[in-house]
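Below: the structure, in structure tokens.
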Amino acid sequence: MRQNVDVSTPGIPSAERWCKGKLLVATPPLTDPNFDRTVVYVLEHTSDGAVGVVLNRPLGERAPDELHAWAEHISAPGTLFAGGPVDEEALIALARLQGAVEGSWSQVAESLGSIDLMLDPLDVAQSVLALRVFRGYSGWGAMQLDGELAEGAWMVLPAELTDVFCSDPTDLWRIVLRRQGGRLAWVANAPDDLSAN
-12 MRQNVDVSTP
-2 GIPSAERWCK
8 GKLLVATPPL
18 TDPNFDRTVV
28 YVLEHTSDGA
38 VGVVLNRPLG
48 ERAPDELHAW
58 AEHISAPGTL
68 FAGGPVDEEA
78 LIALARLQGA
88 VEGSWSQVAE
98 SLGSIDLMLD
108 PLDVAQSVLA
118 LRVFRGYSGW
128 GAMQLDGELA
138 EGAWMVLPAE
148 LTDVFCSDPT
158 DLWRIVLRRQ
168 GGRLAWVANA
178 PDDLSAN
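Encoded structure:
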């Protein structure tokens, strides 16, 4: 089910204040190079701040040796992703799960959550339908994301499971905008450099 988005005030969720389980889609031109044309999946959003991971920045590096046991479970393209500029040594794993063991994961949305990479994959492998591992994350302090939303830096849009585990994420920004239709679909098709028109 699609959330109604008021395109006259992009970035402000129309149904609720908190963005957990939703996408933050960067508005052009967001001048911070860390977030230019990014799609961020929000893992947590409260009055204390927000945490998310960038879905469309594959790093091209394989899982480190300590995650060797998880390597076969990592979804295509089989690489780590840059989750954001905060704590770039931290590894965060999002999994699509079915019948997961309680305590092995932290639910973000229906059948989607973060999974503890310290677990033995054999204990949960039968529950893991898809897995994506991020190096670092995107973080906002208290009311910081709210301020960026009010400034129009982000559009808050509904997420689909296919967004999180997209096998070719380089065009995800455009894909998400196109499926909204209307003005947002037009934005998706606009040239990267509008001054070149």
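The opening residue of the sequence shown carries number -12 in my numbering; numbering runs sequentially from there.
Even glycine gets a Cβ: it sits at the ideal position worked out from N, Cα and C.
No experiment lies behind these values; they were computed from the predicted model shown.
Nearest-angstrom Cα separation, counted from residue j out to residue i
{"i": "residue -7", "j": "residue 37", "result": "In this prediction, residue -7 has a pLDDT of 31, which is less than 50 and means its spatial position is unreliable; nothing more can be read from the coordinates."}
{"i": "residue 202", "j": "residue 94", "result": "Lying before the first or after the last residue shown, residue 202 is absent from the chain, which here runs from -12 to 184."}
{"i": "residue 122", "j": "residue 177", "result": "30 Å"}
{"i": "residue 119", "j": "residue 84", "result": "12 Å"}
{"i": "residue 171", "j": "residue 79", "result": "30 Å"}
{"i": "residue 49", "j": "residue 130", "result": "35 Å"}
{"i": "residue 132", "j": "residue 73", "result": "15 Å"}
{"i": "residue 67", "j": "residue 47", "result": "7 Å"}
{"i": "residue 167", "j": "residue 157", "result": "18 Å"}
{"i": "residue 35", "j": "residue 5", "result": "11 Å"}
{"i": "residue 21", "j": "residue 96", "result": "25 Å"}
Pair within 9 Å by beta-carbon distance, residue i and residue j
{"i": "residue 144", "j": "residue 163", "result": "yes"}
{"i": "residue 26", "j": "residue 160", "result": "yes"}
{"i": "residue 111", "j": "residue 92", "result": "yes"}
{"i": "residue 42", "j": "residue 124", "result": "no"}
{"i": "residue 82", "j": "residue 99", "result": "yes"}
{"i": "residue 154", "j": "residue 58", "result": "no"}
{"i": "residue 71", "j": "residue 39", "result": "yes"}
{"i": "residue 103", "j": "residue 10", "result": "no"}
{"i": "residue 77", "j": "residue 44", "result": "no"}
{"i": "residue 8", "j": "residue 137", "result": "no"}
Bounding residues of the alpha helix (DSSP H) (the contiguous stretch that carries residue i)
{"i": "residue 164", "result": "159 to 165"}
{"i": "residue 175", "result": "169 to 176"}
Which residues DSSP lists as bridging residue i, in chain order
{"i": "residue 142", "result": "12"}
{"i": "residue 92", "result": "102"}
{"i": "residue 45", "result": "68"}
Span of the beta strand (DSSP E) around residue i
{"i": "residue 127", "result": "115 to 127"}
{"i": "residue 74", "result": "73 to 84"}
{"i": "residue 37", "result": "36 to 41"}
{"i": "residue 33", "result": "26 to 33"}
CB contact check: residue i to chain B, cutoff 9 Å
{"i": "residue 74", "result": "Going by chain labels, chain B is absent from the structure shown, which holds only one protein chain."}
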